[in-house]
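So the sequence lines, in the order shown, correspond to chains A and B.
Note that this note's numbering has the first sequence beginning at 6, numbered continuously upward.
Note that this note's numbering has the second sequence beginning at 6, numbered continuously upward.
Glycine is no exception: its CB is placed at the ideal position from the N, C-alpha and C atoms.
See structure below.
2 protein chains.
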Amino acid sequence: MTNNDLVAAIEGQGYRLTAPRLRVLESIAGRDTNFTAEEVCADVPGVGRATVFRTLKLLVERGLLCKMILHDGSPRYSFPLTGHHHHLVCVSCGAITEFQESEIEQLLSQLGVSKAGTIVGHRIEVYVVCPTCQVRYGGHAKPELPISAGVSS
Amino acid sequence: MTNNDLVAAIEGQGYRLTAPRLRVLESIAGRDTNFTAEEVCADVPGVGRATVFRTLKLLVERGLLCKMILHDGSPRYSFPLTGHHHHLVCVSCGAITEFQESEIEQLLSQLGVSKAGTIVGHRIEVYVVCPTCQVRYGGHAKPELPISAGVSS
DNA sequence: TTTTAAGTGATACTAACTATCAGTAATACG
DNA sequence: CGTATTACTGATAGTTAGTATCACTTAAAA
Chain A
6 MTNNDLVAAI EGQGYRLTAP RLRVLESIAG RDTNFTAEEV CADVPGVGRA
56 TVFRTLKLLV ERGLLCKMIL HDGSPRYSFP LTGHHHHLVC VSCGAITEFQ
106 ESEIEQLLSQ LGVSKAGTIV GHRIEVYVVC PTCQVRYGGH AKPELPISAG
156 VSS
Chain B
6 MTNNDLVAAI EGQGYRLTAP RLRVLESIAG RDTNFTAEEV CADVPGVGRA
56 TVFRTLKLLV ERGLLCKMIL HDGSPRYSFP LTGHHHHLVC VSCGAITEFQ
106 ESEIEQLLSQ LGVSKAGTIV GHRIEVYVVC PTCQVRYGGH AKPELPISAG
156 VSS
């Protein structure tokens, strides 16, 4: 995600492209996956914490940034590479990759129709030990992290 | 979930069934879905906050309680009615129902094998407007809550 | 140019924990 | 049974990730 993309998304949508917002956009543009709001705050001295959070929230609402939840419950921001997608998060190194699985969406929509009402959103995160970290662990995941332990819902 | 079930799960697992723990178990036993840690704290005066959180965490780790995340990111505890399952959470009234979808698990495991390493856990929450609340909204979901807005991952 | 609305930073506050630590209680050992 | 070991406890303070408030500033509209 380039700075220009972000600026374009703010401008002409009824939002004002102010100096503090621009500082935040410049700070996050070009970042890779997996950054925290605090990191952004630290990178824009002089811009208030509230403004940083407000700007991140704005971007998330506009779909320009996604906010996900790690294995331990802590939030991270990342830029979406594709449209609708889900995350694979390595619980060891934090690397995030995306996946799209239209079949999952289809299954969920069937579910909504069948019994639960109208689906208004969903949250799917898959926690993995990535290939690189698997090598470090000797070819298998940490034994103390059984499938779905503590996080499945 | 009855108190006896909880007590049985703590006893004989190397954990001690102490008076404060018992108070917490009694407080949550018989609760329905969707309670917060604060509600439990308020219900067991004299028991320290830390002990309440520690006990809830213990139960979650043991699989006797599940912790999920609402649409707005706030955590809630509920008792699992079935084994492995996921939640349908009404964003209007907070009602929680469970669903099981083995096809989703299958899709995810295929995903892990194909490219992402070893899956160690996942988090799936589906946010809905339940049938009861749909009636209240005139037969359709709140327009300001588009599918996946701000929460899909 | 005035008015209105949006945005800002400082500050304080909240929720949901976690860390530390001295003290207590439960269980194990001899 | 007494002692040692270990688990557990509450109080307190600190952390993370924000949100609420509010006087002030800035940008855009009329």
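- request: Find the residues of chain A that neighbour B:Ile124, judging by a C-beta separation of less than 8 Å, and give them in chain order.
  value: Under the 8 Å cutoff, chain A gives Val131, Tyr132, Val133, Ile152.
query: Using the C-alpha atoms, what's the distance from A:Asn8 back to A:Glu31?
result: CA-CA distance, A:Glu31 to A:Asn8, rounds to 6 Å.
query: Span of the alpha helix (DSSP H) holding A:Val133?
result: No alpha helix (DSSP H) holds A:Val133; the beta strand (DSSP E) holding it covers 123 to 134.
task: Step through the CB atoms of chain B and report whether any lies within less than 9 Å of the CB of A:Arg128.
output: By this cut-off, A:Arg128 is an interface position.
query: Is there a Cβ from chain A that is less than 9 Å from the Cβ of B:Val96?
result: Closer than 9 Å to some Cβ of chain A, the Cβ of B:Val96 qualifies, so yes.
The region 92 to 106 of chain A touching the region 66 to 78 of chain A, judged by at least three CB pairs closer than 8 Å: Taking 8 Å as the limit for Cβ pairs, the verdict is that the region 66 to 78 of chain A does touch the region 92 to 106 of chain A.
- prompt: How many Å lie between A:Ala55 and B:Asp48 at the Cα?
  reply: Separation of A:Ala55 and B:Asp48 (C-alpha to C-alpha, rounded to the nearest whole angstrom) is 34 Å.
message: With H, G and I counted as helix, E and B as strand and the rest as coil, what does DSSP make of A:Phe104?
response: Three-state DSSP puts A:Phe104 in a strand.
field: Neighbour list for B:Ile15 in chain A, Cβ cutoff strictly below 9 Å
entry: For B:Ile15, no chain A residue has a Cβ inside 9 Å of its Cβ, as the nearest lies near 17 Å away.
field: C-beta atoms of B:Lys84 and B:Leu70 nearer than 9 Å
entry: Position check: residue 84 of chain B holds Phe in this sequence, whereas Lys was assumed. Result yes, Cβ atoms of B:Phe84 and B:Leu70 sit closer than 9 Å.
task: Would you kindly report the start and end of the unbroken beta strand (DSSP E) that includes B:Leu93?
output: Bounds of the beta strand (DSSP E) holding B:Leu93 are 91 to 95.
message: Please return the same chain residues whose Cβ sits closer than 7 Å to the Cβ of B:Asp10, not counting the five positions on each side in sequence.
response: For B:Asp10, there are no CB contacts under 7 Å within the same chain when 5 residues up- and downstream are skipped.
Spatial neighbours of A:Leu86 in its chain, beta-carbon cut-off 6 Å, leaving aside the 5 residues before and after: Result list for A:Leu86: Glu103, in chain order.
query: Interface residues of chain A around B:Pro74 at Cβ under 9 Å?
result: Reading the sequence as shown, one finds Ile at residue 74 of chain B and not Pro. Within 9 Å Cβ-Cβ: Ile74, Gly78, Arg128, Ser158.
query: Around the C-beta of A:Glu38, are 16 or more other C-beta atoms found within 10 angstroms, so that it is buried, or is it exposed?
result: Note that residue 38 of chain A is Thr in the sequence shown, not Glu. Per the 10 Å Cβ criterion, buried.
message: Please classify B:Thr23 as buried or exposed, where buried requires at least 16 other C-beta atoms within 10 Å of its C-beta.
response: With fewer than 16 Cβ atoms within 10 Å of its Cβ, B:Thr23 is classed as exposed.
query: Sorted by chain position, which residues of the same chain lie with C-beta nearer than 8 Å to A:Gly68's C-beta, five sequence neighbours on each side aside?
result: Pro85.
Local conformation of B:Cys98 per DSSP, three classes: Secondary structure at B:Cys98: coil, using DSSP grouped into helix, strand and coil.
- prompt: From B:Val125, B:Ile129, B:Gly122, B:Thr123, pick the residue whose C-alpha is nearest to that of A:Leu112; which is it?
  reply: It is B:Ile129.
- prompt: What residues from chain B crowd round A:Leu112, counting only those whose CB sits closer than 9 Å?
  reply: Going along chain B in sequence order, the residues near A:Leu112 (Cβ under 9 Å) are Glu106, Glu108, Ile109, Leu112.
query: Which class does B:Phe84 belong to by DSSP, given the choice of helix, strand or coil?
result: It is coil, neither helix nor strand.
- prompt: A:Pro25 touches chain B at which residues, Cβ-Cβ below 7 Å?
  reply: Ordered by position in chain B, no residue passes the 7 Å Cβ test against A:Pro25, which lies about 22 Å from the chain.
task: Starting from A:Asp77, trace the alpha helix (DSSP H) both ways and give me its first and last residue.
output: The continuous stretches of alpha helix (DSSP H) do not include A:Asp77, and DSSP gives it neither H nor E.
field: Closer than 7 Å at the beta carbon, the chain A residues around B:Pro136
entry: Under the 7 Å cutoff, chain A gives Gly122.
query: Taking Cβ to Cβ, would you say A:Arg26 is nearer than 9 Å to A:Gly51?
result: Not a contact, by the Cβ cut-off of 9 Å.
- prompt: Tell me the DSSP bridge mates of B:Phe40?
  reply: Secondary-structure assignment with DSSP links B:Phe40 through a beta bridge to B:Tyr82.
query: Exposed or buried, which one is B:Val45 when buried takes at least 16 other CB atoms within 10 Å?
result: Classification for B:Val45: buried.
query: Of all the options A:His90, A:Val65, A:Val94, which has the alpha carbon lying nearest to the alpha carbon of A:Ser79?
result: Answer by Cα proximity: A:Val94.
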